[in-house]
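Below is one structure; the comments refer to it alone.
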Amino acid sequence: MFDHEDRLGPLDSSVSLDDKVRTIHAALRERFPFIQRIAAAVFDPETETLKTFLFTGEEDSPLTHYSAKLDDAPSLREIVEKGRPRVVNDLAIFSGGRHEHTRRVGAEGYRASYTMPMYHQGRLFGFIFFNSYDTECFNEETLRQIDPFGHLIALTIINDLTSLHTLLATVKAARVMAHARDGETGSHLDRMSRFARVIAEAVTDLYDELTDEYIEKIFIFSPLHDIGKIAIPDRVLLKPGKLDPDEEALMRTHPIRGRELIDQMLTQFHMGPMQGSDILRNIALFHHEAIDGTGYPHGRAGMDIPIEARIVAVADIFDALTSRRPYKPAWTNDDAFALLRQLAGKKLDENCVNALIDNRETIEAIQQQFQENIMG
Numbered sequence: 148m149f150d151h152e153d154r155l156g157p158l159d160s161s162v163s164l165d166d167k168v169r170t171i172h173a174a175l176r177e178r179f180p181f182i183q184r185i186a187a188a189v190f191d192p193e194t195e196t197l198k199t200f201l202f203t204g205e206e207d208s209p210l211t212h213y214s215a216k217l218d219d220a221p222s223l224r225e226i227v228e229k230g231r232p233r234v235v236n237d238l239a240i241f242s243g244g245r246h247e248h249t250r251r252v253g254a255e256g257y258r259a260s261y262t263m264p265m266y267h268q269g270r271l272f273g274f275i276f277f278n279s280y281d282t283e284c285f286n287e288e289t290l291r292q293i294d295p296f297g298h299l300i301a302l303t304i305i306n307d308l309t310s311l312h313t314l315l316a317t318v319k320a321a322r323v324m325a326h327a328r329d330g331e332t333g334s335h336l337d338r339m340s341r342f343a344r345v346i347a348e349a350v351t352d353l354y355d356e357l358t359d360e361y362i363e364k365i366f367i368f369s370p371l372h373d374i375g376k377i378a379i380p381d382r383v384l385l386k387p388g389k390l391d392p393d394e395e396a397l398m399r400t401h402p403i404r405g406r407e408l409i410d411q412m413l414t415q416f417h418m419g420p421m422q423g424s425d426i427l428r429n430i431a432l433f434h435h436e437a438i439d440g441t442g443y444p445h446g447r448a449g450m451d452i453p454i455e456a457r458i459v460a461v462a463d464i465f466d467a468l469t470s471r472r473p474y475k476p477a478w479t480n481d482d483a484f485a486l487l488r489q490l491a492g493k494k495l496d497e498n499c500v501n502a503l504i505d506n507r508e509t510i511e512a513i514q515q516q517f518q519e520n521i522m523g
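Quick note: the sequence shown uses my numbering, first residue 148, plus one each step.
Given below as structure tokens:
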């Protein structure tokens, strides 16, 4: 009676999103072994940018840690405009393509592709790519059978990320109240979260854990680094002058309070074992730790500080320096870079500092797009 094995059973467990997509891919390949690769890219509507997110396959992905404007990918833009998936049964037609993503996929030897757009509540969420080393393999009958798997993959990805965004929206609502108290703005969080992404993408060769999915979660969670300030009294948080020792000690509790608030939120949303929740916890708890061990709340040092917290620390300090505050003018980028260099290897992770400085053009484009305004 119980001989049948449900090949998609792992989708009901708490395994990672990557493992769930691999489970779907394995089930699909039992029927269509020529589908050697499945990949997904997610869409950032604020910057009109597509970002590689995950992939499954026998070989390394030809596209990781890659992003591009949707307008710079006319074949994908056409999919959105037509509102239909696209079949290319011989990728040789793109052999003269100018775009990096086209060249990379072709260089890996893939000969055919099927691309499905992902939508959530009528809005573009990203794309799913099915690739094969064979030509002429995506016929109409095959596509009819692949489509349900594609939608299952889309729903799995969307469910994972929208759960994070639901949590994020709730915590951001609380954070808005803190903004009204501590003077930080939404633009600051827009900028520093994108600075964090730039840093993370630039140091991937040094840290194996920094997959595209991991980086996306750093980007999503980094605006919540100071959520614990909600628990700090106004008399301390809003004090215009220097804090006395007791007030400083109280202020230094905000990372612990932030971790506690996040744990409460995760429990309330029944998301305690959520994949990636440790990234969120680590960002809240450890973003004020210092490489030399002089930070707080636990005095961790060096590699004992999680990489996501080291990344967020650099992004946050840089934007704080280059932003105008009631108590100080905005620093120039040159002055901020000079201070970061002084702090590198002492208070801040040197690799993360160098990653930020080495990507100055991208950093300045973010600053230009997300400028302060009268509403903050």
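For each residue, glycine too, the CB sits at the ideal point set by N, CA and C.
- Cβ-based burial, phenylalanine 149 [other Cβ within 10 Å; buried from 16]: Exposed, by the Cβ-count rule.
- Query: Are aspartate 439 and lysine 493 closer than 9 Å when you measure CB to CB?
  - Reply: It is a contact, given that the beta carbons lie within the stated cut-off.
- Have a look at Leu357, Thr358, Arg404 and flag the residue whose alpha-carbon is nearest the alpha-carbon of proline 380. Among Leu357, Thr358, Arg404, the Cα nearest to that of proline 380 is on Arg404.
- Kindly indicate which three-state DSSP category alanine 170 falls into: helix, strand or coil? Before going further, note that residue 170 is threonine rather than alanine in the sequence given. Under the three-state reduction of DSSP output, threonine 170 falls in the helix class.
- What residues in its chain sit with their C-beta under 6 Å from that of alanine 378, if we drop five residues either side in the sequence? Cβ within range, chain order: Arg404.
- Item | Same chain only: Cβ atoms within 8 Å of leucine 201, ignoring 5 sequence neighbours per side | Setting aside the 5 residues that flank it on each side, leucine 201 is surrounded in the same chain by Leu164, Asp165, Val168, Ala186, Ala187, Ile304, Thr358, Asp359, Glu360, each with a C-beta closer than 8 Å to its C-beta; the list follows chain order.
- Task: Out of Thr479, Gln489, Leu308, state which residue places its alpha-carbon closest to the alpha-carbon of arginine 507.
- Result: Ranking the options by Cα distance to arginine 507, first place goes to Thr479.
- Message: So, at 8 Å on beta carbons, what are the nonlocal neighbours of glutamate 283 in its own chain, with the 5 sequence-adjacent residues on each side left out?
- Response: The residues are Asn236, Asp237, Ala259.
- Query: By a C-beta neighbour count over all protein chains shown, 10 Å radius and 16 as the cutoff for buried, is tyrosine 257 buried or exposed?
  - Reply: Buried is the label assigned to tyrosine 257, since at least 16 other Cβ atoms lie within 10 Å of its Cβ.
- Item | Span of the beta strand (DSSP E) around leucine 201 | Following the DSSP letters along the chain, one finds leucine 201 inside the beta strand (DSSP E) bounded by residues 196–204.
- Apart from the five residues just before and just after alanine 456, which ones in its own chain have a Cβ nearer than 7 Å to its Cβ? Once the five neighbours on either side are set aside, the close Cβ partners of alanine 456 are Asn429, Ile430, Phe433, His434, Glu436.
- Task: Could you check what DSSP says for methionine 450 in three-state terms: helix, strand or coil?
- Result: Helix, per DSSP.
- Quick one: Cα of arginine 341 to Cα of glutamate 228, how far? Between arginine 341 and glutamate 228, the alpha-carbon positions lie close to 28 Å from each other.
- Message: What would DSSP say about histidine 298, mapped onto helix, strand or coil?
- Response: Of the three classes helix, strand and coil, the one that applies to histidine 298 here is helix, per DSSP.
- Task: Give the secondary structure of lysine 389 by DSSP, where H, G and I count as helix, E and B as strand, and everything else as coil.
- Result: It is coil, neither helix nor strand.
- Query: Rounded to the nearest angstrom, how far is the Cβ of leucine 346 from that of leucine 503, given a contact under 8 Å?
  - Reply: Checking the sequence shown, residue 346 turns out to be isoleucine, not leucine. Taking the Cβ atoms as the reference, isoleucine 346 lies roughly 5 Å from leucine 503, within the contact range of under 8 Å.
- Item | 4-residue-minimum alpha helix (DSSP H) runs that sit fully inside the segment 445–495, ordered along the chain | Runs of the alpha helix (DSSP H) inside the segment 445–495: 454–468, 480–490.
- So what does DSSP say about threonine 262, is it helix, strand or coil? Collapsing the DSSP output to three states places threonine 262 in a strand.
- Specify the secondary structure class of phenylalanine 285 as computed by DSSP and reduced to three states. Phenylalanine 285 falls in the coil class under three-state DSSP.
- Query: When DSSP labels each residue in this structure, what does leucine 427 get in the three-state scheme?
  - Reply: The answer is helix: DSSP assigns leucine 427 an H, G or I state.
- Pull up the DSSP beta-bridge partners for aspartate 337, would you. Answer is none; aspartate 337 lacks a bridge partner.
- Item | Through-space distance from histidine 298 to proline 129, alpha-carbon basis | No answer is possible for residue 129: it lies beyond the span of the chain, which begins at 148 and ends at 523.
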